[in-house]
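**Q** Once you've had a glance at the structure underneath, I'll fire off some questions.
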Amino acid sequence: MARCRGAASLPDDDDLLREILVRLPPQPSSLVRASAVCKRWRGLATDPKFLQCFRARHGKPPLLGVFRTLGELVFNPILGPPDRISPDRFSLGSCRSRHHNGVLGCRHGRVLVKCFATKEVVVCEPISGEQRRVAVPSPFKCGFFNGAVVCAAGDQGHVHGGCHSSPFKVVLVSMSREDNRPLACVYSSETGIWGNIISTAAECCLSDTGSPGTLVGNSLYWLPMRDGILEFGLDGESLSVIEGPPVTDDFSDGSRQIIQAEDGNIGLVIFSYPSIQIWQRKVNCHGVANWLVQKTVDMHNILGLPPQILLRARGMETILGYAEDTDDIFIYVDSNVYMVQLKSMQSKRLHETRYVFDYHPFVSFYTPGIANSGGCDGAVMLHHK
Numbered sequence: 001m002a003r004c005r006g007a008a009s010l011p012d013d014d015d016l017l018r019e020i021l022v023r024l025p026p027q028p029s030s031l032v033r034a035s036a037v038c039k040r041w042r043g044l045a046t047d048p049k050f051l052q053c054f055r056a057r058h059g060k061p062p063l064l065g066v067f068r069t070l071g072e073l074v075f076n077p078i079l080g081p082p083d084r085i086s087p088d089r090f091s092l093g094s095c096r097s098r099h100h101n102g103v104l105g106c107r108h109g110r111v112l113v114k115c116f117a118t119k120e121v122v123v124c125e126p127i128s129g130e131q132r133r134v135a136v137p138s139p140f141k142c143g144f145f146n147g148a149v150v151c152a153a154g155d156q157g158h159v160h161g162g163c164h165s166s167p168f169k170v171v172l173v174s175m176s177r178e179d180n181r182p183l184a185c186v187y188s189s190e191t192g193i194w195g196n197i198i199s200t201a202a203e204c205c206l207s208d209t210g211s212p213g214t215l216v217g218n219s220l221y222w223l224p225m226r227d228g229i230l231e232f233g234l235d236g237e238s239l240s241v242i243e244g245p246p247v248t249d250d251f252s253d254g255s256r257q258i259i260q261a262e263d264g265n266i267g268l269v270i271f272s273y274p275s276i277q278i279w280q281r282k283v284n285c286h287g288v289a290n291w292l293v294q295k296t297v298d299m300h301n302i303l304g305l306p307p308q309i310l311l312r313a314r315g316m317e318t319i320l321g322y323a324e325d326t327d328d329i330f331i332y333v334d335s336n337v338y339m340v341q342l343k344s345m346q347s348k349r350l351h352e353t354r355y356v357f358d359y360h361p362f363v364s365f366y367t368p369g370i371a372n373s374g375g376c377d378g379a380v381m382l383h384h385k
């Protein structure tokens, strides 16, 4: 009698275990706890191929916390136990010092720091513990500048949030001291050099304390001091100034934030007590762009904001930051910081503070067996080209 061949097609124990582990939530404690079960589980949970599948299945990494400047550059965790990460675990090492002017932005698992004392930008990778120092181009050494870091991985199926070994680009923007024309320059980690200076004829008055750049599609956007929005296209490395909503000039920098609208185009949040208003930019079939109000939400309808705070909030509202991957904004009202999810309009109180600083959300997969314990001082590469 012939033996049954059905059993031969069954997956082995490791395959079954992988199928179970890959379905765990992307929060930091999931794989850490799984890897603690036994040596076999740890081997699977830290296997590079498994981690690639794990990230691909989840797509978007979790929001781990924010970097902000409070005397020095510090990491503030957002998640609760057991996923809460110690601030010391994501220390920026020597970049914490007050000699470093501040954080320009966080994206794709990296933190971009500017240092006026040494005329450098520093790309830190808190997960892997590496950093790369790059001297800024000459036109950016004599004044203020803003900037952003983006992953430059071009491989198919790449999932951002596990980009620690992938190439990256740094985009700096400033303005000409002679005629206020915007300037931009791009650094590539693959070539180790800066590209040509890029400029546009349109005038734009950038702010040294302006909000961090926002990535929408394949373009970066910055809010200047007055009307207009600075756009840098990553594909063709083009720089332009586009018109903002008709109300852009009526609000302070702290009450506006560029976001990604629901249709994937650029949007703008305006926070003015007692409401949050969301605009989105639409381009019609003739190529003409218009700004439309997507929605206006009364603050009393935002879940999690206590009424007693709302009554005292007038004149004290500020947008501190925006998480591109999770569509959350961080707002400051009446000495408290709240995280507001723009789709659900639900909020979470983070903490009380008297100090108002930019919040730079740090989004990344955090897996065991990868990171160094020494923060960004683990490995340093200097690039002065």
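Take the sequence shown: its letter number 333 is residue 333 in full-length UniProt numbering, and every next letter is one higher.
Heads up, the beta-carbon is just placed ideally off N, CA and C, and yes, glycines get one too.
Keep in mind that this is a model prediction, so the values were computed, not measured.
In the structure shown, what three-state DSSP assignment does residue 282 receive?
**A** Strand.
**Q** Measure the C-alpha to C-alpha separation of residue 343 and residue 178 and round it to an integer number of angstroms.
**A** Looking at the two C-alpha atoms, the distance is approximately 43 Å.
**Q** Please list the terminal residues of the continuous alpha helix (DSSP H) segment that includes residue 53.
**A** Here the alpha helix (DSSP H) through residue 53 covers 48-58.
**Q** Starting from residue 348 and walking both ways along the beta strand (DSSP E), at which residues does that stretch end?
**A** 346-352 is the span of the beta strand (DSSP E), which, as asked, contains residue 348.
**Q** Would DSSP call residue 393 helix, strand or coil?
**A** Shown here, the chain extends from 1 to 385; a query on residue 393 therefore has no answer.
**Q** Pick from 281, 278, 291 and 269: whose alpha carbon is nearest that of residue 320?
**A** The candidate whose alpha carbon is nearest that of residue 320 is 269.
**Q** For residue 391, I'd like the list of residues in its chain whose CB is within less than 7 Å of its CB, leaving aside the five on either flank, ordered along the chain.
**A** There is simply no residue 391 to check, as the chain begins at 1 and stops at 385 in what is shown.
**Q** Could you round the C-beta distance between residue 222 and residue 213 to whole angstroms and report it? I think they count as a contact, below 8 Å.
**A** About 5 Å; that satisfies the 8 Å criterion.
**Q** Given a cut-off of 7 Å on the beta-carbon distance, is the pair residue 363 and residue 327 in contact?
**A** No.
**Q** Please report the distance separating the alpha-carbon of residue 117 from that of residue 216.
**A** If I take the Cα positions, the gap works out to 32 Å.
**Q** For a test of the three-state rule: what should DSSP assign to residue 103, helix, strand or coil?
**A** Strand, per DSSP.
**Q** Rounded to the nearest angstrom, what separates residue 304 and residue 240 at their Cα positions?
**A** Near 39 Å, if we compare the C-alpha coordinates of residue 240 and residue 304.
**Q** Note down the Cα distance separating residue 13 from residue 338, rounded to an integer number of angstroms.
**A** Straight-line Cα distance between these residues: approximately 45 Å.
**Q** So, is residue 196 buried or exposed, given that buried needs 16 or more other C-beta atoms within 10 angstroms?
**A** With fewer than 16 Cβ atoms within 10 Å of its Cβ, residue 196 is classed as exposed.
**Q** Could you please give the first and the last residue of the uninterrupted alpha helix (DSSP H) stretch that includes residue 28?
**A** That run of the alpha helix (DSSP H) goes 28-35.
**Q** If you scan the region 121-168 from start to end, which runs of the beta strand (DSSP E) of 3 or more residues do you find wholly inside it?
**A** Fully enclosed beta strand (DSSP E) runs of 3 or longer: 130-135 and 146-151.
**Q** So what's residue 265 in DSSP terms, helix, strand or just coil?
**A** Coil.
**Q** Could you give the first and the last residue of the continuous beta strand (DSSP E) run that contains residue 20?
**A** Unbroken run through residue 20 is the alpha helix (DSSP H), 13-21; no beta strand (DSSP E).
**Q** So, for residue 218: in the same chain, excluding its five sequence neighbours on each side, which residues have a beta-carbon less than 6 Å away from its beta-carbon?
**A** 234 and 235, listed in sequence order.
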